[in-house]
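Below: one structure, written as structure tokens.
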Amino acid sequence: MPNLPANPLSIRLSITHERLWWHIDDEDHLPERWDVSADVWELDRCPEAVRHVGDISLVIADLHRDRNLLDSVALGEWALEFIAETVLDSTDGRLHPELDARLPAGPSRMVILRHISLTTEWRGHGLGGPLIAGALRTLAPTARLATCRVSPLDFRSTCPDRVSAELASVRMAGMLERIGFHRWRDVHIVDLHNPALLEARMSLLDHWWPSQHDPCP
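First residue of the sequence shown? That's 6 in our numbering, and the numbers climb one at a time after it.
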């Protein structure tokens, strides 16, 4: 069994959306920013110091609306450009025919995966992909697809050199592709009903259900 702080099947996702109470006009909460916190269930026998597993940052963009400069703060420049290139008509959220053909019908909304981080104790055990998949499947009823841009530039602040940043981006791309993402143009996209998002959990389920070992004393 991997040397994990606790049984990973006891990890819970808390998905929150925050905004100022007085931001109640239709456009005030668009794009929607969502934060996902992964934490070990508090009743599990696990030290408090390692209960927090990681964080995921997501943004949901409504493809029906026209974008403005303020959207780039929440979405990021690359996502703003991607939406501009792929949404042919903001009145109905119609996508580029090539992209539209890859996706089943669904809400004209797109989830942008902005960031994921795991705490030191939980890294290196293949948890990142399944946690992303779990968060995206939770949001599947509200959007049609998810997208993520993987670039070495995003890793330069945490990697010691350019080569390390390149390798980190390759590993991240591989993780996304294992849970159903595929490359389209310069980004990775996934249909939120792709069975691969469900399959992402199976290796952990096979190892830990039912668990005969409890890593926590």
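Even for Gly, the Cβ is constructed at its ideal location relative to N, Cα and C.
Asked: Residue burial classification, SER15 (beta-carbon count within 10 angstroms, cutoff 16); Found: buried
Asked: Separation of ARG99 from ASP105, as counted between CA atoms; Found: 8 Å
Asked: Straight-line Cα distance separating TRP189 from ARG142; Found: 20 Å
Asked: Buried versus exposed, by CB contacts within 10 Å (16 or more), VAL155; Found: buried
Asked: Which of helix, strand or coil DSSP assigns to VAL58; Found: strand
Asked: Status (buried if at least 16 other CB within 10 Å, exposed otherwise) for ALA89; Found: exposed
Asked: Cut-off 6 Å between Cβ atoms - residues of its own chain near ALA205, not counting five sequence neighbours on either side; Found: GLY134, PRO135, ALA138, ILE184
Asked: Three-way DSSP call (helix, strand, coil) for ILE65 in this model; Found: strand
Asked: Option nearest ASP71 by Cα separation, candidates ARG50, PRO102, ARG114, CYS51; Found: ARG114
Asked: Sub-8 Å separation of THR152 and PRO112 beta-carbons; Found: no
Asked: Same chain, Cβ closer than 6 Å to THR21, five either side skipped, listed in chain order; Found: ASP40
Asked: Under the three-state DSSP convention, the category CYS221 falls into; Found: Note that CYS221 scores 48 on pLDDT, short of 50, meaning its location in the model is unreliable; the coordinates nonetheless yield the value given after this. Coil, per DSSP.
Asked: Beta-carbon proximity check, VAL175 vs PHE87, cutoff 8 Å; Found: no
Asked: Check: ALA89 C-beta below 7 Å from any heavy atom of the ligand FAD; Found: No copy of the ligand FAD occurs in the structure displayed, which carries no ligand at all.
Asked: Sequence-distant residues of the same chain with beta carbon closer than 8 Å to THR124, five excluded per side; Found: VAL55, HIS57, VAL58, GLY59
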